[in-house]
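J.: In the numbering used here, the protein residues as written are 671 to 1319. Note that CB positions come from ideal geometry on N, CA and C, so glycine has one too. One structure is given below, represented as structure tokens, and several questions about it will come after.
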Amino acid sequence: MRAAQNSYPTLFSSLRLGTLELSNRILLSPMTTGFGFRAGLPTEQLIEYFAARAQDVGMAVVAFGAVAPEGRVEQQIPWMWLDGASRALAPLAAAIAANGAAPCLQLGHGGRQVSPKVIGGDPVAPSAIAPLVHVSRQPRSLEISEVEDLITAFAAAARKASAAGFVAVEVHAGHGYLIHQFMSAGSNRRDDAYGGETVAARARFGVEIVGAIKEAVPELAVMVRLNGADFVPGGLEVADAVVAARSFASAGADGLVVSAGVYGSVPYTIPLLDDPEGTFLDLASQVRVGVDIPVVAVGRITDPSTAEMALASGRCDAVAVGRALLADPAWATKARSGQPARIRPCIGTVEGCAGMLQHGDPISCSVNADVGREVRPSFPPARAAPRRLVVIGAGPAGLEAARKGALKGHEVVIVDRADAIGGSLRLAAQTPPLRHVQRLADWFSLEMEHLDVDVRLRFEATAASVCDLDPGFVVVATGSVTEVPVLDGYDRMPVWSAEGLLAAGESTLGTQEPIGEIVVLGGGRRALATSLWLIGEGHPVVVVAGTRAGSDTSGLARRAYLSRIESAGGSVVRAIPRRLDKSGLVASAGDSEIFISCGGVVVADPARSIRPNWLDQLEAPFVVIGDARAPRGIGPAIAEGNDALRAMT
């Protein structure tokens, strides 16, 4: 149902942060991009990226302005120690302001949680204690004079931000970075003025940073990002966060952003997969009770209704929206205009965003192929008159190609043999960790309707039936199917493919439902997701992965899949399946042979492309995209659908 234009009155009401008044209560959350900087200074690519997302948000926050060279969490961020930082950042601040948002720059220092390869030396920290994960090198403990120099560096960076046109800064005191390291007893063993037995004492470093910024640039609004909880043994808890929040407020902070988690924590700093909407809202709510300054909630806020309810009920004063604005830069605009159903949803796999950063690559987005490409049109001007575009396959690749074709002005027909659009999206959405994918299928369905795409279901595509549609160009997006490995014993035990199981199909023995313990063959994300579906149906599961399980997804998602399987009682075995008998699977693990007792087998990996053998009979030009080209997943499929029309001549 279409929402009325006043459905989110609180979300689109003004908010005051100190002397700064925001037009509404939506903040574009700071996210490192892995692109858009040259030697610490922004390029046109980054400016256009922010310009696309600053419309109809109250504030846009640029991450992660490093105040010192050894504080860089990565290279593609602002280097605030540079003399020319203000001049170089001015066009970025101006572009944000020109689109109606208050420009804000996040300031931080990674401390021990930085790669020696990035900074070219040893990390520094409150104490010489290595972090939990990612960086094994023991950091060097900061001298008191160095601590004082860093406080000065934060203030100097704030002055440069103000000179560039930023009206606010966000001091990063969470996620296991330097200020947070000072606050945590697990990383701060100092016995001087910047240590102590209490959170209030250990917060002194951050408190003095806030005070120094307020003294240096009184007109600048100052927010502090802190953890509501660390989610690691011995880490900060919400009661500690309240103490720290009061200390920051007393030092002059104008607002607080309450996040959670550190590197290696469970849950993570970034909610993903089937984590609920508003994952950290309760933490923000508890901190808000303890302070008299605005509190911003963050953490999987993808639905404007979630934001409105949280604000209207007093759980927070504003919301920070990050990956949802990657997925759809018009998130706020569509919410304001009463079209929330037309917001392209974030599906939470982090394969395109944070997952890319883990490999040192620029971010992308599984559902929005134009991330980082805002500097140029998403597709070139028409080189030929509009024509009839026929898309075969209504999965993610085909749907995106149809959408782009309709936006381009072509007459689009999309056909599929199924009785509903979505293809692999609808099957994936049945599994617990990927249930958010259903929102993407529903969004595509609405877009097809809105763009007047001719959708023809239960359509058997053949050379003749496609030619009867009189296409000027054909996009082949017929997807993929599970490649069942050659094994002895398929006649001795019920076996399903993953898609057959999820579609309630029969096994090789004609049985309808699995019974007892199930072995899942394959170690990819589809195998792991299917395993969680089976566990949810009450079946003990053993995943038999021929290679490292989860290697085809992001590191964050991989850990989430495996931890969910383990906590639910399932197990993962690295082995090669050899044969089946009536009571189980025989596999080889290294030099030995193992037997896994089970009542059925589900084959989930690998996949093979479905590509019609009659394509050369088509008179119209065609392009093959998505899994039909090579099985990979949702992100590459949508990216190729996005670019499919570039093949038109």
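1) Examine the Cβ distances between the region 1060-1069 and the region 1090-1098 and report whether three or more of them are shorter than 8 Å.
2) Excluding five sequence neighbours on each side, which residues of the same chain lie with their C-beta closer than 7 Å to the C-beta of alanine 764?
3) Is isoleucine 963 helix, strand or coil by DSSP?
4) Tell me whether glutamate 639 sits in a helix, a strand or coil according to DSSP, three-state version.
5) Where does tryptophan 1284 land, buried or exposed, given buried means 16+ other C-beta within 10 angstroms?
6) Using the C-alpha atoms, what's the distance from proline 941 back to glutamate 978?
7) Report back the beta-carbon spacing between alanine 967 and leucine 951 to the nearest angstrom; my notes put them in contact at under 8 Å.
8) Report the three-state DSSP secondary structure of valine 803 (helix, strand or coil).
9) Could you tell me the alpha carbon to alpha carbon distance between glutamate 624 and arginine 1057, rounded to whole angstroms?
10) Start and end of the beta strand (DSSP E) containing valine 1324?
11) May I ask you to report which of helix, strand or coil DSSP gives asparagine 858?
12) Can you check the region 1092-1132 for any beta strand (DSSP E) of at least 3 residues that lies completely inside it and give the ranges in chain order?
13) Between which residues of its own chain and glutamate 1117 is the CB-CB distance below 6 Å, once the five residues before and five after are set aside?
14) Pick out whichever of Asp944, Asp962, Val892 has its Cα sitting closest to the Cα of glycine 969.
15) Out of Asp998, Ser1237, Ile1017, Gly1018, which has the shortest C-alpha to C-alpha gap to glutamine 1009?
16) Per DSSP, what kind of secondary structure is glutamate 1310 in: helix, strand or coil?
17) Would you mind working out which of Gly1192, Ala1277, Val1271, Ser1279 sits nearest valine 1242, comparing C-alpha positions?
18) Report the option in Glu691, Met701, Gly688 whose CA atom is closest to the CA atom of aspartate 1023.
19) For a test of the three-state rule: what should DSSP assign to leucine 1191, helix, strand or coil?
20) Would you mind stating whether leucine 812 and alanine 795 have Cβ atoms separated by less than 8 Å?
21) Do alanine 921 and valine 877 have their C-beta atoms closer together than 8 Å?
22) Consult DSSP for phenylalanine 918 and reduce its assignment to one of helix, strand or coil.
23) Using a Cβ-Cβ cutoff of less than 8 Å, which residues in the same chain neighbour isoleucine 747 once the five nearest sequence positions on both sides are dropped?
24) Whole angstroms is fine: what's the gap from glutamate 1263's alpha carbon to cysteine 1035's?
25) Please name the residue, chosen from Gly881, Gly865, Ala873, Leu1139, that lies closest to valine 839 on a Cα-to-Cα basis.
26) Could you tell me which of Ala886, Ile849, Leu890 sits nearest to alanine 870, measuring between CA atoms?
27) Nearest chain B C-beta to glutamate 1183 closer than 8 Å, yes or no?
28) Exposed or buried, which one is serine 1320 when buried takes at least 16 other CB atoms within 10 Å?
29) Who are the near neighbours of glycine 1194 in its chain, counting only those whose CB is closer than 6 Å to its CB and skipping five residues on each side?
30) Of all the options Glu1021, Tyr678, Val892, which has the alpha carbon lying nearest to the alpha carbon of glycine 1225?
31) Please determine if the region 779-792 and the region 748-767 are in contact, where contact requires at least 3 C-beta pairs separated by less than 8 Å.
32) Identify every run of the beta strand (DSSP E) within the region 821-848, keeping only runs that are complete inside it and at least 3 residues long; order them along the chain.
T.: Once the coordinates are examined:
1) With contact defined as three or more Cβ pairs closer than 8 Å, the region 1060-1069 and the region 1090-1098 are in contact.
2) Gly835.
3) Residue state for isoleucine 963 is assigned as coil, using DSSP reduced to three classes.
4) The first residue shown for the chain is 671 and the last is 1319, placing residue 639 beyond what the model contains.
5) When all chains shown are included, tryptophan 1284 counts as exposed.
6) When rounded, the separation of the alpha-carbon atoms in glutamate 978 and proline 941 is 20 Å.
7) Taking C-beta atoms under 8 Å as the contact rule, alanine 967 and leucine 951 qualify, at a distance of about 5 Å.
8) Of the three classes helix, strand and coil, the one that applies to valine 803 here is coil, per DSSP.
9) The structure shown does not extend to residue 624, since the chain spans only 671 to 1319, so no value can be given for it.
10) Nothing can be reported for residue 1324, as the shown portion of the chain is limited to 671 through 1319.
11) DSSP places asparagine 858 in coil when its eight states are reduced to three.
12) Listed in chain order, the complete beta strand (DSSP E) runs (minimum 3 residues) inside the region 1092-1132 are 1124-1126.
13) Result list for glutamate 1117: Arg1073, in chain order.
14) Of the listed residues, the one whose Cα sits closest to glycine 969 is Asp944.
15) When Asp998, Ser1237, Ile1017, Gly1018 are compared, the shortest CA-CA separation from glutamine 1009 is found for Asp998.
16) For glutamate 1310, the three-state secondary structure derived from DSSP is helix.
17) Checking every option, the nearest Cα to that of valine 1242 belongs to Gly1192.
18) According to the sequence displayed, residue 1023 carries cysteine and not aspartate. If we check each option's Cα against that of cysteine 1023, Met701 comes out closest.
19) Three-state result, leucine 1191: strand.
20) In this structure, alanine 795 lies closer than 8 Å to leucine 812 by Cβ.
21) A contact, by the Cβ cut-off of 8 Å.
22) In this structure, phenylalanine 918 counts as helix in the three-state DSSP scheme.
23) Once the five neighbours on either side are set aside, the close Cβ partners of isoleucine 747 are Thr702, Phe707, Gly710, Ala733, Phe734, Gly735, Ala736.
24) Cα-Cα distance, rounded: 42 Å.
25) For valine 839, the nearest C-alpha among the options comes from Gly881.
26) The option with the nearest alpha carbon to alanine 870 is Ile849.
27) Here there is only one protein chain, and chain B is not present.
28) This structure leaves residue 1320 out entirely; the chain is present only between 671 and 1319.
29) Asp1222, Asp1275, listed in sequence order.
30) Checked all of Glu1021, Tyr678, Val892; the closest Cα to glycine 1225 is Glu1021.
31) Segment contact: the region 779-792 against the region 748-767, fewer than three CB-CB distances shorter than 8 Å; contact not assigned.
32) Every beta strand (DSSP E) of 3 residues or more that sits fully in the region 821-848 is shown, in chain order, as 838-843.
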